[in-house]
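**Student:** Protein chains in written order, with the numbering used here: chain Y, 27 to 139; chain G, 16 to 126. Below is one structure. I have some questions about it.
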């Protein structure tokens, strides 16, 4: 079953614009991660934010986490055509004795030149 | 660094045949995961190994699926007999800490 639900399901923007994707989840977490998947490829880890953190940056990526609302957002600034991909949030907890990741359905981002 | 290696990249087989998917994790990683991705169900965890030992196989769909990890550098996922509903992309991922590193996947089509 999916823990994280991404919103929107699909996003279409022009190069240079910012892209914001949201993720909501249901249960307590230890960490939340964002992954990118290009068509026909495996998932690539982008950024990890822990439950005691509120914001994290990595290059053009900015991730926020609001544990009171059980939600996270991924902001890609100054988007490029190469950012076209599906983006997944994954929640991790240690309830099973390890960092089991539960992935959402993903947001399909299309960046047009 | 070679990353996670999976083979074959594509597999087309007929219903009832045995299918074996292979994975070589990143050297030094002690955790290995097998996932299945479909349009309908998204990305699902099938099984998790730690130090070559299966820890969580609650996601394995049924007895037709089995996974092994005979050593730290090799794992297999076997489906016997295969069915059309097994058609999906199967990913292997490895990790040392919380971040998982995915292989390119095996696209399986069962006719």
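Every residue gets a Cβ at the ideal spot worked out from N, C-alpha and C, and that includes glycine. Model, not experiment: these values are computed from the prediction.
1. Distance cutoff 8 Å, beta carbons only. Does residue 69(Y) sit that close to anything in chain G?
2. From residue 100(Y) to residue 61(G), what does the alpha carbon distance come to, in whole angstroms?
3. If you follow the beta strand (DSSP E) that residue 81(G) is part of, which residue opens it and which one closes it?
4. Should residue 2(G) be flagged as near chain Y, meaning a C-beta pair shorter than 8 Å?
5. By the criterion of Cβ-Cβ separation under 8 Å, what are the contact partners of residue 72(G) in chain Y?
6. Taking residue 124(Y) as the query, report the chain G residues whose CB atoms sit under 8 Å from its CB, ordered along the chain.
7. Would you mind giving the Cβ-Cβ distance between residue 110(G) and residue 46(G), rounded to the nearest angstrom? I have them listed as a contact below 8 Å.
8. Please decide whether residue 113(G) counts as near chain Y, where near means a Cβ-Cβ distance under 8 Å.
9. Apart from the five residues just before and just after residue 103(Y), which ones in its own chain have a Cβ nearer than 6 Å to its Cβ?
10. Is the Cβ-Cβ distance between residue 38(Y) and residue 57(Y) less than 8 Å?
11. When the Cα atoms are used, what is the spatial distance from residue 27(Y) to residue 111(Y)?
12. Can you confirm whether residue 123(G), when its beta carbon is compared against all beta carbons of chain Y, has any partner nearer than 8 Å?
13. Could you please give me the residues that DSSP links to residue 51(G) through a beta bridge?
14. By the criterion of Cβ-Cβ separation under 8 Å, what are the contact partners of residue 105(G) in chain Y?
15. Give a yes or no on whether the minimum CB-CB distance between residue 57(G) and chain Y is below 8 Å.
16. Could you name the residues of chain Y that residue 60(G) contacts, counting a contact when the two beta carbons are closer than 9 Å?
17. Taking the beta strand (DSSP E) that residue 57(Y) belongs to, which residues open and close that run?
18. Sort 29(G), 55(G), 23(G), 88(G) by Cα distance to residue 35(G) and report the nearest one.
19. Using a Cβ distance threshold of 8 Å, determine whether the region 25-35 of chain G contacts the region 90-99 of chain Y, with at least three qualifying pairs required.
20. Between the region 52-67 of chain Y and chain G, which residues of the former have CB atoms less than 9 Å from a CB of the latter, in chain order?
21. Could you pull the start and end residues of the beta strand (DSSP E) that residue 109(Y) belongs to?
**Tutor:** The relevant details are as follows:
1. yes
2. 27 Å
3. 80-86
4. Examination of residue 2(G) is not possible in this model, given that chain G is present from 16 through 126 alone.
5. Going along chain Y, no residue has its Cβ under 8 Å from residue 72(G), so there is no contact; the nearest lies around 12 Å.
6. 46, 63, 65, 70, 71
7. 5 Å
8. yes
9. 44, 86
10. no
11. Only weak support is given to the placement of residue 27(Y): the predicted model assigns it a pLDDT of 46, under 50, and the value that follows is read from those uncertain coordinates. In a straight line, the C-alpha of residue 27(Y) is about 23 Å away from that of residue 111(Y).
12. no
13. 59(G), 105(G)
14. Per Cβ cutoff of 8 Å: no residues; residue 105(G) is ~11 Å from chain Y at best.
15. yes
16. 126, 127, 128, 129
17. 57-63
18. 23(G)
19. no
20. 56, 57, 59, 61, 63, 66, 67
21. Counting along the chain, residue 109(Y) falls outside any beta strand (DSSP E), and DSSP gives it neither H nor E.
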